[in-house]
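What follows is a set of notes on a single structure, which appears directly below.
In the numbering used here, the protein residues as written are 447 to 1370.
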């Protein structure tokens, strides 16, 4: 991580604003820095003090005799920009600004922040804050805050956007003996943000889980990329307030009015495997269980209790939190009938009754764990009957151990001092334990949702028959013309062009500017038809009687046409009427759905799917997803809605919908939205599902003038879409042609065949071992990549209609985006044809485009072909004991050093270094 690594694990720390004034922030900071500092050097800086607490004080950061890794600034806001500049000139790695008085105070404070941003950009300085508490690293004994509490070392990292809430949570956690690997307050986030910290903590050996209190995401694209990269290995749990926001903004589309910011946040978290919780306590409850491999396979819970009341509370909590109260099997009921009193509950929750002894509990637990209808068990104990709390806990621990933790067991030992020893025993043996049934249930459901989110990251999508790059430039010209007319809402005939280009089926329809044209169009497409008013001033046509349906003849059409015009003129007299849209009537609709999009201020364009029709805003049955979407993501989008069950199984005599066709339409719509940053809001409502097809009945598009001529083609997205610009045909030395293109999640079967077909030598050269078993998890890691942080170019060879992956070049970019590691693999029968050179050259081109300083790779010494290729392409070659390190500098050393704010090496120095390297290579 470069500077963040040294900033958060510093050897030398300077406190600017150090003082011995009682009650001051500067004194509190200094005292905390001096505690447990070990070998770490602490330098007070204050031009008005010669010493503080008996320690020599330096007038400026430039006067500190050592290179400073971390500078903490606690001076008045107006002095901070100058001090930050001095830190940059002194080569400080990172700065913490605890000072307040910035954007929270108004325009003057905002200007100070902007100045700090400019300075830190100039020097490549990392800045935490301003207006933050600082950070604490208990594992290394570092406290750079002015807080009075010192948390214990632990494996939980806590990131708070609110200083006040962070302080309160820290106080509570210390009293509860919860340890931290890091506690950090972000403040105004002029530089270091959630994405930076997830990148750092994802590689931090002290951290097992990451907890976040988030008010706003900041750089959403960076957050999504970082979270996706590490959520598989370290759970990320977020508490995000704002669930019940008041006041819906006026919107031109149904999607715009329904899909609020909170729903988009929830969709974003789900997309990258992040768990969102509702309460502070949930953060820590989840932190202790989500890093376990013992995650539930499903939502079906069995509850065992010795008191009816807590069992009912647990059952209610299961229903309220989206779980399922398991339906116990007949075998389980029969077993329990044979050991429990005849008046037991005979169902789930399993009430073993108040006089239960340990044996009753244990049989119930073993039986429920063996039930195939049960995914997890919550066992509740209240102090009564023959079973003693500690003895029962000891037996539960043994059963969990014997079961190899095949299914999660969560415990609720209710009471006070009497059950304390039992709870400690559960903690010691990593068995989750809670004070109340509700906490246990909520935690289990969070465990299940986390598992589902991870499965989403791992699931391989089906390759759909969709053109990834349909013609669209004529549509962009159409958009420019519409905007030049002062309009932002497209007419139906204009919207139809988008549907047709992206293969989304619609009923036949055309614009008529008079009655005669309407009759001609109706005759051409056939009755029955519907008439819809077309006006740039009317958005919701049905609200003013602007739609007439079920017209079956010329005479009915004449009457309907005149009535439509009169109605609209009377209800919207100022509206400019462009004409009437004549559309083929779809009568036999089984389901009416909505498929739309809107631009969210934080996460860019989001896609909505749900129950549609005129009452869509009443039902409010919808889910949100972030584009780009593939087949798996499209299905998950549907699964999150209530209507999905009816679509799959049918409803009230209506047949099921064609789910595969719906998936395809959603993916096509996603591709459309990805290609057009000019679209602000859009919705297809209704998306009509009939017995034999699916139609977009009404498609509304609202434009965003700011999206035109965007310098970044995908600025409206936080997830980088498939980079079609890297798709190219290339001819091998033997004349055969391959398609070079970025890898996709759908390529898992092709990647499997490539790796499975390698010789032992080729496998060892690429993976440093012979791959005997190619797992799904391994293939997901190779195929389902974040194009913003990684690129894999495959060589697709097509012979007689059968596709084959015959090579892959991969570049993984480090989080600081300065270097990248590359690797190249070519199938044995395609080696020696120039493919390895071409793939490496493409990776170099991509690295240059992304502004990397260098790319490097590790090669086995016996892999002479790869070493020779790297030499040919200008890589520096360094031989080590059992490996060869190859590196290609993409930027001259002078430019790299100037970017770091360092003095460039002189020409004589470069010459001397080159001579030394030449001698080393000759000797090797």
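Even glycine gets a Cβ: it sits at the ideal position worked out from N, Cα and C.
No experiment lies behind these values; they were computed from the predicted model shown.
Here the stretch 995–1009 makes no contact with the stretch 1093–1109; the two share fewer than three CB pairs at distances below 8 Å. Rounded to the nearest whole angstrom, the C-alpha separation of residue 543 and residue 586 is 21 Å. Bridge partners of residue 583 according to DSSP: 588.
Checking the DSSP bridge columns, you'll see residue 746 partnered with 770. Here residue 685 is bridged, per DSSP, to 659, 723.
Between residue 1198 and residue 1226, the gap from beta carbon to beta carbon reaches 7 Å or more. The alpha helix (DSSP H) runs lying completely inside the stretch 616–677 and spanning 4 residues or more are 640–648, 666–676, given in chain order. Annotation: residue 459 to residue 450 spans about 14 Å, alpha carbon to alpha carbon. At least 7 Å separates the beta-carbon of residue 1268 from that of residue 1297. Residue pairing for residue 490: DSSP places it in a beta bridge opposite 461.
Taking 7 Å as the cut-off, the Cβ atoms of residue 952 and residue 945 count as close.
Checking the DSSP bridge columns, you'll see residue 1301 partnered with 1266, 1334. Around residue 964, the same chain offers 958, 977, 1003, 1007, 1026, 1028 as residues with beta carbons nearer than 8 Å, after the five sequence neighbours per side are excluded.
For the 7 Å CB-CB criterion, residue 1114 and residue 950 form a contact. Given a length threshold of 4 residues, each whole run of the alpha helix (DSSP H) inside the stretch 1179–1217 is given here in chain order: 1194–1202, 1206–1213. Inter-residue distance for residue 493 and residue 503 is about 8 Å (C-alpha atoms, whole angstroms).
Residue 1041: member of the beta strand (DSSP E) spanning 1037–1046, first to last residue.
By the 16-neighbour rule on beta-carbons within 10 angstroms, residue 917 is exposed.
Here residue 1068 carries a strand assignment [DSSP, helix/strand/coil]. Rounded to the nearest whole angstrom, the C-alpha separation of residue 867 and residue 790 is 29 Å.
Assigned with DSSP and collapsed to three states, residue 1151 falls in helix. By the 16-neighbour rule on beta-carbons within 10 angstroms, residue 1188 is buried. Taken in chain order, the complete alpha helix (DSSP H) segments of 4 residues or longer contained in the stretch 1097–1156 are 1105–1121.
Leaving aside the five residues that flank residue 465 on each side, the residues in its chain whose CB is nearer than 7 Å to its CB run, in chain order, 472, 473, 492, 495, 498. In this structure, the alpha-carbon of residue 592 lies about 13 Å from that of residue 616.
Residue burial is scored here from C-beta neighbours: residue 792 has fewer than 16 other C-beta atoms within 10 angstroms and is therefore classed as exposed. Here the stretch 821–832 makes contact with the stretch 861–875; the two share three or more CB pairs at distances below 8 Å. For the 7 Å CB-CB criterion, residue 765 and residue 804 do not form a contact. Under the 8 Å Cβ criterion, the stretch 638–656 does not count as touching the stretch 751–767, having fewer than three qualifying pairs. By the 16-neighbour rule on beta-carbons within 10 angstroms, residue 908 is exposed.
The DSSP-derived three-state label of residue 1325 is strand. When secondary structure is reduced to three states using DSSP, residue 830 falls in the coil class, being assigned neither helix nor strand.
By the Cβ rule, the stretch 1078–1096 does not count as touching the stretch 1118–1132, because fewer than three pairs are nearer than 8 Å. Around the C-beta of residue 751, 16 or more other C-beta atoms lie within 10 Å, and the residue is accordingly described as buried. Under the DSSP definition of a beta bridge, residue 956 partners with 1028. When the five nearest sequence neighbours on each side are left out, the beta carbons in the same chain lying within less than 7 Å of the beta carbon of residue 1022 are those of 981, 982, 983, in order along the chain.
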